[in-house]
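Enquirer:
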Amino acid sequence: MRKRLFQVRKLTCSFKIQRLGIIMKVMSFSFPVSSSPSPTPPAYDLQLHKFSFIDRLKTCKSLEELRQIHTQIIKSNFHQTQLLYTTIISSCSVFHTSYPDYALSAFQHLLNPTIDDYNAIIRCFSNSKSNSLDGFLLYNEMLRNGLIPNNFTIPFLLKACALSRAIREGMQIHAQSIKLGLVLDVYVKNTLMRVYAVCGVIEAVRKVFDGSPQSDLVSWTTLIQGYVKMGFAQEGIQAFFDMCETNLQADEMTIVIVLSACARLGDPHLGKRIHSYLNENKLNRDVFVGNALVDMYLKCGDVELAHKVFNEMRMKNVVSWNSMISGLTQQGEYKEALSVFRKMQNIGVKPDSVTLVGVLNSCANLGVLEMGKWLHAYMDMNQIRADGFIGNALVDMYTKCGSIDEAFKVFEGMRHKDVYTFTAMIVGFAMNGQGLSALDLFSEMPKMGIKPDEVTFVGVLSACSHLGLVEEGLKHFESMSTVYNLVPQAEHYGCVVDLFGRSGLVREAEEFVRNMPVEPDEFIWGALLSSCRLHGYVELGRSVMEELIKIEPEKDGAYILMSNLYSSANRWGDALQVRKIMKQRRMKKIPGCSSIELGGVVYEFQKGDKSHPKSKEIYLLLDDITNHIKDYGHSMLANVLS
DNA sequence: GTAGGGTTAG
1 MRKRLFQVRK
11 LTCSFKIQRL
21 GIIMKVMSFS
31 FPVSSSPSPT
41 PPAYDLQLHK
51 FSFIDRLKTC
61 KSLEELRQIH
71 TQIIKSNFHQ
81 TQLLYTTIIS
91 SCSVFHTSYP
101 DYALSAFQHL
111 LNPTIDDYNA
121 IIRCFSNSKS
131 NSLDGFLLYN
141 EMLRNGLIPN
151 NFTIPFLLKA
161 CALSRAIREG
171 MQIHAQSIKL
181 GLVLDVYVKN
191 TLMRVYAVCG
201 VIEAVRKVFD
211 GSPQSDLVSW
221 TTLIQGYVKM
231 GFAQEGIQAF
241 FDMCETNLQA
251 DEMTIVIVLS
261 ACARLGDPHL
271 GKRIHSYLNE
281 NKLNRDVFVG
291 NALVDMYLKC
301 GDVELAHKVF
311 NEMRMKNVVS
321 WNSMISGLTQ
331 QGEYKEALSV
341 FRKMQNIGVK
351 PDSVTLVGVL
361 NSCANLGVLE
371 MGKWLHAYMD
381 MNQIRADGFI
391 GNALVDMYTK
401 CGSIDEAFKV
411 FEGMRHKDVY
421 TFTAMIVGFA
431 MNGQGLSALD
441 LFSEMPKMGI
451 KPDEVTFVGV
461 LSACSHLGLV
471 EEGLKHFESM
481 STVYNLVPQA
491 EHYGCVVDLF
501 GRSGLVREAE
511 EFVRNMPVEP
521 DEFIWGALLS
531 SCRLHGYVEL
541 GRSVMEELIK
551 IEPEKDGAYI
561 LMSNLYSSAN
571 RWGDALQVRK
581 IMKQRRMKKI
591 PGCSSIELGG
601 VVYEFQKGDK
611 SHPKSKEIYL
621 LLDDITNHIK
631 DYGHSMLANV
641 LS
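Number 260 in the UniProt record's numbering belongs to position 260 of the first sequence; there are no gaps in the numbering.
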């Protein structure tokens with residue numbers, strides 16, 4: 001009878017499992033079966049070793065080791081098979097990857113699984129990334145067998161929900177834990193909070209947190225992280241201070257999350273305060289804490305302190321290097337980012353895709369195509385697919401370096417294109433004078449089910465502007481709010497001013513500026529002033545210049561544009577007057593800066609620059625080139641060079 | 001035997 005029950009149970013289980021499409025991979029692990037014991041008894045007394053076998057099973061560290069002991073046990077004619085299978089399941093459950101298939105094979109041999117056996121097998125599934133929710137099948141079977149879930153069952157199930165972002169199942173378990181009176185258990189509470197946190201329902205996280213008075217450090221940390229990950233860094237920091245009021249002391253994990261909140265807020269004072277907390281409470285500077293500090297200091301703009309923390313880190317991993325490279329890139333320290341990357345390579349740390357995204361971004365901003373190409377080749381050699389984040393970074397690098405064809409090749413090869421991919425390409429086309437291609441690609445987006453965002457429209461509007469398509473540009477501008485529910489930002493208004501201005505509709509541009517709902521910034525006035533210069537609107541230009549000077553009195557841009565406007569209208573006296581004012585106010589034209597890349601090193605230079613150690617030779621060579629050009633009769637070009 | 005950690009794009 002017992003055997004029949006077992007068979008029925010086993011069948012139900014395997015039927016359900018087949019129905020869910022779980023492919024049993026036991027063959028690859030070759031689950032040993034007890035039907036073929038060794039015919040030759042070993043020389044020593046195996047009975048003495050049987051329990052030590054079980055102990056070894058309990059402490060084994062890998063599936064391979066477990067399988068070997070398992071086989072030895074079977075060969076030794078060990079009769080307590082139920083104990084054996086129970087031990088296998090619980091051993092699997094503590095592995096990092098808990099091999100649910102192997103554990104399930106053992107589980108199917110159990111005649112009367114106990115609550116502990118069910119907990120262990122559910123735990124095995126809860127650790128599995130691909131099929132964590134399959135543990136629910138065993139949970140249902142457990143309930144049908146009349147077993148009552150306990151304070152261990154619920155956290156395992158909730159962990160599976162968190163891993164699979166399964167909020168519906170999580171809510172069901174929430175309801176069950178209330179019914180079972182388990183919701184006050186702090187482990188249940190914390191795993192429940194985690195499910196809601198990873199599913200982005202911050203209100204529910206707070207409600208569960210407030211729902212019971214018992215909160216430990218994990219509850220607080222989960223609450224803080226819930227806030228920070230959902231973009232409520234300020235609330236996360238507040239929760240941290242509330243926690244401190246309860247006299248709980250943060251540990252390294254809490255501090256890492258609090259530091260990430262400081263990074264998001266970009267608040268260096270707060271970050272330094274947390275850094276002091278770390279020292280005052282003698283917390284360990286593990287690699288996670290070090291990385292979080294580096295990230296925080298860079299996001300708060302303190303490059304020097306970030307370097308200091310980074311240099312003092314005893315242990316570094318790839319994330320430490322990535323934090324430096326990405327952080328420096330975000331701060332506009334592109335050359336420094338590339339130099340950190342070079343150091344990383346020199347000491348033999350293997351870059352990952354996050355490293356490459358940061359480095360590509362720096363290359364894009366420096367315009368160093370050769371290095372960008374090298375990174376692309378590195379990706380090919382290491383079978384890193386140009387997709388997702390890294391594909392987008394590659395497209396952006398090629399467009400910013402002017403290699404629009406290469407960019408499009410990468411774009412076409414990408415399997416997963418999102419709004420970032422399309423935007424990088426559209427902006428790239430627009431920047432490289434291929435407005436029509438930009439608009440063509442934009443029209444593809446709805447067909448692919450991808451909704452444009454604010455940055456996409458910057459590309460679309462500037463494409464229209466350069467093509468002189470005023471009506472089409474205005475139509476797209478309108479569609480931002482009417483079709484796509486996007487709120488136009490100052491830069492979109494700036495694009496429209498440019499759209500009118502470039503086409504000679506300077507009065508329309510002016511009217512647009514005067515009537516727009518946002519306060520015009522320096523870019524908007526700048527666009528209007530440029531169009532005044534382009535089309536000779538001297539008087540309007542003068543009033544725009546005054547507006548511009550109000551916003552940025554220290555900058556020279558408005559004065560230069562106005563002086564150029566006067567000279568192009570042959571009003572030399574006025575042009576001179578503007579230059580005079582600049583001189584009186586001790587303003588100098590900020591020189592333009594160029595850079596070239598040679599052998600992977602970026603050299604920056606500007607007019608009159610003598611900072612290079614070989615500047616004397618460089619200028620001699622330049623004179624030589626100028627003379628040659630003059631010899632060929634290109635006097636205009638020679639004047640520019642000299 | 002159960003829970004919480006850092007870096008990436010237009």
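Glycine included, each C-beta is placed from N, C-alpha and C at the ideal position. For clarity, every value in this text was computed on a predicted model and none was experimentally measured.
Grab the span of the alpha helix (DSSP H) containing valine 319 for me, first residue to last.
Expert: Taking the first sequence and counting its residues from 1, one reaches residue 319 at position 319. Per DSSP, valine 319 belongs to the alpha helix (DSSP H) from 318-330.
Enquirer: Hey, out of Glu406, Glu336, Arg342 and Val218, whose CA is closest to leucine 369's CA?
Expert: By 1-based counting over the first sequence, the position of residue 369 is 369. When only C-alpha atoms are compared, the closest one is Glu406.
Enquirer: Taking the C-alpha atoms as reference points, what is the distance between alanine 393 and isoleucine 54?
Expert: To locate residue 393, count along the first sequence from 1; it is residue 393. To locate residue 54, count along the first sequence from 1; it is residue 54. Approximately 53 angstroms, taken between the alpha carbons.
Enquirer: Can you say whether lysine 616 is buried or exposed, counting buried as having 16 or more other CB atoms within 10 angstroms of its CB?
Expert: The sequence position of residue 616 within the first sequence is 616, counting from 1. Looking at its Cβ environment, which holds fewer than 16 other Cβ atoms inside 10 Å, lysine 616 is exposed.
Enquirer: Grouping DSSP H, G and I as helix and E and B as strand, with all else coil, what is proline 37?
Expert: The residue given as residue 37 occupies position 37 in the first sequence. Reliability fails at proline 37, whose pLDDT of 45 lies under 50, so the model's placement of it is uncertain and the value that follows must be treated cautiously. Three-state result, proline 37: coil.
Enquirer: Between which two residues does the alpha helix (DSSP H) containing methionine 480 stretch?
Expert: The count along the first sequence starts at 1 and reaches residue 480 at position 480. Looking at the DSSP string, the run of the alpha helix (DSSP H) that includes methionine 480 is 470-482.
Enquirer: By the 10 Å Cβ neighbour count, where 16 or more other Cβ atoms means buried, how is methionine 381 classified, buried or exposed?
Expert: Counting from one through the first sequence, the residue named residue 381 turns up at place 381. Under this definition methionine 381 is an exposed residue.
Enquirer: Note down the Cα distance separating methionine 516 from isoleucine 524, rounded to an integer number of angstroms.
Expert: Sequence index remark: in the first sequence, residue 516 carries index 516 (1-based). Sequence index remark: in the first sequence, residue 524 carries index 524 (1-based). Cα-Cα distance, rounded: 11 angstroms.
Enquirer: For the alpha helix (DSSP H) containing phenylalanine 31, name the first residue and the last one.
Expert: Here the question's residue 31 lines up with position 31 in the first sequence. Looking at the DSSP string, phenylalanine 31 is not in any alpha helix (DSSP H), and its letter there is neither H nor E.
Enquirer: Of the residues Lys299, Glu333, Lys282 and Thr254, which one's Cα is nearest the Cα of phenylalanine 288?
Expert: Taking the first sequence and counting its residues from 1, one reaches residue 288 at position 288. Comparing Cα positions, the closest option is Thr254.
Enquirer: Less than 8 angstroms separating the beta-carbons of glycine 526 and leucine 548?
Expert: Residue 526 sits at position 526 when you count from the first residue of the first sequence. Residue 548 sits at position 548 when you count from the first residue of the first sequence. Yes, they are a contact pair.
Enquirer: Looking at the structure shown, is histidine 376 part of a helix, part of a strand, or coil, going by DSSP?
Expert: Your numbering for residue 376 matches position 376 in the first sequence. Note: histidine 376 maps to helix in three-state DSSP.
Enquirer: Can you tell me where the alpha helix (DSSP H) with leucine 192 in it begins and where it stops?
Expert: Indexing the first sequence from 1 puts residue 192 at position 192. Per DSSP, leucine 192 belongs to the alpha helix (DSSP H) from 186-198.
Enquirer: How about glutamate 252 and asparagine 284: do their beta carbons lie closer than 8 angstroms?
Expert: Residue mapping note: residue 252 aligns to position 252 of the first sequence, counting from 1. Residue mapping note: residue 284 aligns to position 284 of the first sequence, counting from 1. Going by C-beta atoms, glutamate 252 is nearer than 8 angstroms to asparagine 284.
Enquirer: Can you check whether the CB of leucine 356 is closer than 8 angstroms to the CB of leucine 328?
Expert: For the purposes of this step, residue 328 is taken as residue 328 along the first sequence, with counting starting at 1. For the purposes of this step, residue 356 is taken as residue 356 along the first sequence, with counting starting at 1. Cβ atoms of leucine 328 and leucine 356: not closer than 8 angstroms.
Enquirer: In the structure shown, what three-state DSSP assignment does arginine 571 receive?
Expert: In the first sequence, the residue the question calls residue 571 occupies position 571. Arginine 571: coil per DSSP, three-state reduction.
Enquirer: May I have the straight-line CA-CA distance separating cysteine 161 from asparagine 127, to the nearest angstrom?
Expert: Within the first sequence, residue 161 is the residue found at index 161, counting from 1. Within the first sequence, residue 127 is the residue found at index 127, counting from 1. If I take the Cα positions, the gap works out to 11 angstroms.
Enquirer: Determine the DSSP secondary structure at arginine 385, reduced to helix, strand or coil.
Expert: In the first sequence, the residue the question calls residue 385 occupies position 385. Correct three-state label for arginine 385: coil.
Enquirer: Can you tell me which of the three DSSP states glycine 21 falls into?
Expert: Within the first sequence, residue 21 is the residue found at index 21, counting from 1. Unreliable placement is indicated for glycine 21, whose pLDDT of 37 sits below 50; the coordinate value is still reported in the next sentence. Reduced to three states, the DSSP call for glycine 21 is coil.
Enquirer: Candidates Ala438, Val487, Phe232 and Ile618: which alpha carbon is nearest serine 465's?
Expert: Along the first sequence, read from residue 1 onward, the residue named residue 465 stands at position 465. Ranking the options by Cα distance to serine 465, first place goes to Ala438.
Enquirer: Could you give the distance in angstroms between the alpha-carbon of valine 410 and the alpha-carbon of glycine 391?
Expert: Numbered from 1 along the first sequence, position 410 holds the residue referred to as residue 410. Numbered from 1 along the first sequence, position 391 holds the residue referred to as residue 391. Roughly 7 angstroms between the two C-alpha positions.
Enquirer: Thinking alanine 233 and alanine 197 are a contact (beta carbons under 8 angstroms), I'd like their distance in whole angstroms, please.
Expert: Here residue 233 refers to the residue found at position 233 when the first sequence is read from its first residue. Here residue 197 refers to the residue found at position 197 when the first sequence is read from its first residue. So it is not a contact: roughly 15 angstroms between Cβ atoms.
Enquirer: Let me know the secondary structure DSSP gives glutamine 68 once reduced to three states.
Expert: The count along the first sequence starts at 1 and reaches residue 68 at position 68. Note: glutamine 68 maps to helix in three-state DSSP.
Enquirer: State the Cα-Cα distance for the pair valine 195 and glutamine 238, rounded to the nearest angstrom.
Expert: By 1-based counting over the first sequence, the position of residue 195 is 195. By 1-based counting over the first sequence, the position of residue 238 is 238. Roughly 22 angstroms separates the two Cα atoms.
Enquirer: Drop a sphere of 10 angstroms on the beta-carbon of lysine 282, count the other beta-carbons inside from all chains shown, and report buried for 16 or more, exposed for fewer.
Expert: The sequence position of residue 282 within the first sequence is 282, counting from 1. It counts as exposed.
Enquirer: Using only the alpha-carbon positions, how far apart do valine 455 and cysteine 495 sit?
Expert: Your numbering for residue 455 matches position 455 in the first sequence. Your numbering for residue 495 matches position 495 in the first sequence. Straight-line Cα distance between these residues: approximately 12 angstroms.
Enquirer: Compare the beta carbon distance of valine 538 and arginine 571 with 8 angstroms and say whether it is the shorter of the two.
Expert: Counting from 1 along the first sequence, the entry for residue 538 is found at position 538. Counting from 1 along the first sequence, the entry for residue 571 is found at position 571. Result yes, Cβ atoms of valine 538 and arginine 571 sit closer than 8 angstroms.
Enquirer: How many Å lie between valine 497 and lysine 614 at the Cα?
Expert: In the first sequence, counting from the first residue as 1, residue 497 sits at position 497. In the first sequence, counting from the first residue as 1, residue 614 sits at position 614. About 45 angstroms.
Enquirer: Three or more C-beta pairs under 8 angstroms: does that hold for the region 110-130 against the region 63-80?
Expert: No, the region 110-130 is not in contact with the region 63-80.
Enquirer: Can you tell me whether DSSP reads histidine 109 as helix, strand or coil?
Expert: Residue mapping note: residue 109 aligns to position 109 of the first sequence, counting from 1. In the structure shown, histidine 109 sits in coil (DSSP, three-state: anything other than H, G, I, E or B).
Enquirer: Among Ser362, Val340, Met344 and Phe310, which residue has its Cα nearest to the Cα of glutamine 330?
Expert: Counted from its first residue, the first sequence places residue 330 at position 330. Nearest option by C-alpha distance: Ser362.
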